[in-house]
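**Q** First residue of the sequence shown? That's 6 in the numbering used here, and the numbers climb one at a time after it.
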Amino acid sequence: MPKKQLASEVLIDLHRRLSVLPSRSRERRMIMQETAHLYGISEQTLYRALAQRARPKALRRSDRGTPRVVPQEKMEYYCELIAAIKVRTSNKKGRHLSTGEAIRLIEKFGIETPDGLVKAPESTFKKSTVNRYLQRWGYDRETLRRQPVAVRFQAEHSNGCWQFDLSPSDLKEIKEPSWIEANKGAPTLMLFSVVDDRSGVAYQEYRCVYGEDVEAALRFLFNAMAPKQIDGFPFQGIPKMIYLDHGPVAKSHVFQQVMRYLGIDVCAHLPQGKDGRRATSRSKGKVERPFRTVKEMHETLYHFHQPKDEEEANAWLMNFLVRYNAMQHRSEPHSRVEDWLENLPPSGVRAICSWERFCTFAREPERRKVGGDARVSVDGVNYEVDPDLAGETVVLWWGIFDNELYVEHGDKRFGPYAPVGGPIPLYRYRAFKKTPTHHATAYSGSASPRQRSSGIQVSLGRKRSNQPRHFDHGAILRSGNREGFQDSHPTRKTGTRSA
6 MPKKQLASEV
16 LIDLHRRLSV
26 LPSRSRERRM
36 IMQETAHLYG
46 ISEQTLYRAL
56 AQRARPKALR
66 RSDRGTPRVV
76 PQEKMEYYCE
86 LIAAIKVRTS
96 NKKGRHLSTG
106 EAIRLIEKFG
116 IETPDGLVKA
126 PESTFKKSTV
136 NRYLQRWGYD
146 RETLRRQPVA
156 VRFQAEHSNG
166 CWQFDLSPSD
176 LKEIKEPSWI
186 EANKGAPTLM
196 LFSVVDDRSG
206 VAYQEYRCVY
216 GEDVEAALRF
226 LFNAMAPKQI
236 DGFPFQGIPK
246 MIYLDHGPVA
256 KSHVFQQVMR
266 YLGIDVCAHL
276 PQGKDGRRAT
286 SRSKGKVERP
296 FRTVKEMHET
306 LYHFHQPKDE
316 EEANAWLMNF
326 LVRYNAMQHR
336 SEPHSRVEDW
346 LENLPPSGVR
356 AICSWERFCT
366 FAREPERRKV
376 GGDARVSVDG
386 VNYEVDPDLA
396 GETVVLWWGI
406 FDNELYVEHG
416 DKRFGPYAPV
426 GGPIPLYRYR
436 AFKKTPTHHA
446 TAYSGSASPR
456 QRSSGIQVSL
466 GRKRSNQPRH
476 FDHGAILRSG
486 NREGFQDSHP
496 TRKTGTRSA
């Protein structure tokens, strides 16, 4: 027989009638007896109903959040394994193994872990239960993909750190590129950018390239470090450090070599996927944000008028950068360019070397043997060197900016040598220019001992100047906020001899 349930109104009215009477009053007992008799229940049931009405009722079970099938420590361990399986099977499109399939693997086959094979009893877990505990303990996909807390940094002085990056322009390509490779189509219009970490001053250039080109990157960095003949744009000098991503530029040996000779520390952030959850672009956000500003405030105007070539595009971009750097600093009460000028290092701006000297930094030595025809081949291009070097093992100095070749043999350097064509046509043979070696050979082979001795006496009797030769390396920039360029390259151009 089902229990009789009293209506809430009856209990409320009974509680109101009893509350006006003393706790030891006889009338309280009489009211309880009459009410129990009226509704056909016992006095104990009525007293119990009154007590439960005043007590708050819990909305959930008392053991809510505690697993009942397995102990909590064991359940948390299995959830951690299931979450690891889902992360391990994820791809870039976000697809991964489902919770049900992960449970099936653990129960039927087991999972190999550093602690050995882990296999759960069959029919132990339910998909809904595991999903609930994954979300409660922070093992769900959204929580695991959440990026760690960002730590912001800022250089102490201007030119203390430059952030460098490349981004394809929204214009994609220009009408008249300066050069085109026939088998690759039109080059991509790429936006090169450096941003001073302290002040936020940005310098950018358009360049038509096929991918992230190291040569274009080095040309851009030289222009960024060189003085600019533009009013209101004093940004220049060699930075102490360059911060960039792990792209082809950072991995280039030539780029690392040039930065080392300039005294620049190259620092790259963690590559994509190294930390799992961390987005790599946010680590150099100070250079990523100007890309968006240029594309929203400057390149959107290309819908009305597009630049015809790279030179015109850079001229328009420079006008915008002057206005951009005059805008408010992100945290200081002045502009970006004013912040750059006010926070220069005590030693001043480190001046960049000349372009000719900069090109020598990109040269790499290669040991080769010169052929009997005094020619050597580099990347399929023939160069005709000094006849004295025929058959010798020499060191070739060739850089990405060079159209000419330099050769080093012993403590002497020869060059520059321009590319030459194919073999000399028949009946047009020309003799090599006589060299000191040939003259010495002629003395030893065709002259008499008397003639050789007289020739030697004449040569020894010549007067030679004992004063050393002086070479002009250019005037060093001297001013209150400039520091001369410190050359650390092992080679010197003073020993170069033209062919």
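Beta carbons: idealized from backbone N, C-alpha and C, even for Gly.
Keep in mind it's a predicted model, so treat the numbers as computed, not measured.
Contact defined as beta carbons within less than 8 Å: I believe Phe-260 pairs with Trp-345. What is the distance between those atoms, to the nearest angstrom?
**A** Their Cβ separation, rounded to whole angstroms, is 25 Å, which puts Phe-260 and Trp-345 out of contact at 8 Å.
**Q** Counting pairs of Cβ atoms below 8 Å between the region 134-141 and the region 75-93, do you hit three or more?
**A** yes
**Q** Buried or exposed: Arg-368, going by 16 or more other Cβ atoms within 10 Å of its Cβ?
**A** buried
**Q** Among Ser-47, Gln-57, Gln-10, Ile-46, whose alpha-carbon lies nearest the alpha-carbon of His-20?
**A** Gln-57
**Q** Just curious, the alpha helix (DSSP H) that Leu-196 is in, first and last residue?
**A** That residue, Leu-196, is in no alpha helix (DSSP H); its beta strand (DSSP E) goes 193-201.
**Q** Ignore the nearest five residues each way along the sequence and tell me which others in Lys-508's own chain have a CB closer than 6 Å to its CB.
**A** As displayed, the chain neither begins before 6 nor continues past 504, which places residue 508 out of reach and without an answer.
**Q** So for Glu-39, helix, strand or coil by DSSP?
**A** The answer is helix: DSSP assigns Glu-39 an H, G or I state.
**Q** Name the one or two DSSP bridge partners that Met-80 has.
**A** Paired residue(s): none; Met-80 is not in a bridge.
**Q** By Cβ distance below 8 Å, which residues in the same chain neighbour Phe-325 in space, the five residues on each side in sequence not counted?
**A** Val-299, Met-302, His-303
**Q** Can you tell me the Cα-Cα spacing of Asn-164 and Glu-317, whole angstroms?
**A** 28 Å
**Q** State the DSSP-derived secondary structure class of Thr-398, mapped to helix, strand or coil.
**A** The DSSP-derived three-state label of Thr-398 is strand.
**Q** Exposed or buried, which one is Met-195 when buried takes at least 16 other CB atoms within 10 Å?
**A** buried
**Q** Specify the secondary structure class of Tyr-215 as computed by DSSP and reduced to three states.
**A** Secondary structure of Tyr-215 (DSSP, three-state): coil.
**Q** At the level of alpha carbons, what is the spacing between Val-506 and Ala-320?
**A** This structure cannot speak to residue 506, because the chain is shown only from 6 to 504.
**Q** Who are the near neighbours of Pro-473 in its chain, counting only those whose CB is closer than 7 Å to its CB and skipping five residues on each side?
**A** Below a pLDDT of 50, predicted positions are generally treated as unreliable, and Pro-473, at 36, falls in that range; the measurement from the model is reported next regardless. Around Pro-473: no qualifying Cβ.
**Q** Skipping 5 residues on each side, what residues in its chain have a beta carbon closer than 7 Å to that of Gly-205?
**A** Lys-291, His-334, Arg-335, Arg-341
**Q** Spell out a yes or no on whether the region 393-409 and the region 359-378 are touching, meaning 3 or more CB-CB pairs, one atom from each, closer than 8 Å.
**A** In this structure the region 393-409 lies against the region 359-378, because at least three pairs of beta carbons, one per stretch, are closer than 8 Å.
**Q** Would you call the region 107-122 and the region 29-48 in contact, with 3 or more CB pairs under 8 Å?
**A** The region 29-48 and the region 107-122 do not touch, with fewer than three beta-carbon pairs separated by less than 8 Å.
**Q** Beta-carbon of Leu-26 versus every beta-carbon of chain C: anything under 8 Å?
**A** Of the protein chains in the structure, only one exists, and it is not chain C.
**Q** DSSP has His-414 in a bridge; who is on the other side?
**A** For His-414, DSSP records a beta bridge to Lys-417.
**Q** Under 7 Å: does the beta carbon of Tyr-248 sit that close to some heavy atom of the ligand NAD?
**A** Looking at this structure, you won't find the ligand NAD or any other ligand, since it has none at all.
**Q** Can you give me the C-alpha to C-alpha distance between Leu-139 and Gln-77, rounded to a whole angstrom?
**A** 13 Å
**Q** Asp-314 and Glu-181 - do their beta-carbons sit closer together than 8 Å?
**A** yes
**Q** Under the rule that 16 or more other beta-carbon atoms within 10 Å means buried, what is Lys-289, buried or exposed?
**A** buried
**Q** Kindly provide the ranges of any alpha helix (DSSP H) runs that are 4 or more residues long and lie completely inside the region 285-349, ordered along the chain.
**A** Runs found: 290-302, 315-330, 341-347.
**Q** Grouping DSSP H, G and I as helix and E and B as strand, with all else coil, what is Val-383?
**A** strand
**Q** Comparing alpha-carbon positions, which option in Gln-311, Pro-192, Phe-363, Phe-197 lies nearest Arg-265?
**A** Phe-363
**Q** Quick check: the Cα distance between Pro-392 and Arg-294, rounded to an integer number of angstroms?
**A** Rounded to whole angstroms, Pro-392 to Arg-294 spans 57 Å at the Cα level.
**Q** Got a sec? Which residues, its chain only, sit under 6 Å from Glu-217 by beta carbon, not counting five neighbours each side?
**A** Leu-171, Gly-252, Pro-253, Val-254
**Q** Based on the DSSP secondary-structure assignment, which residues constitute the bridge partners of Phe-169?
**A** Val-199
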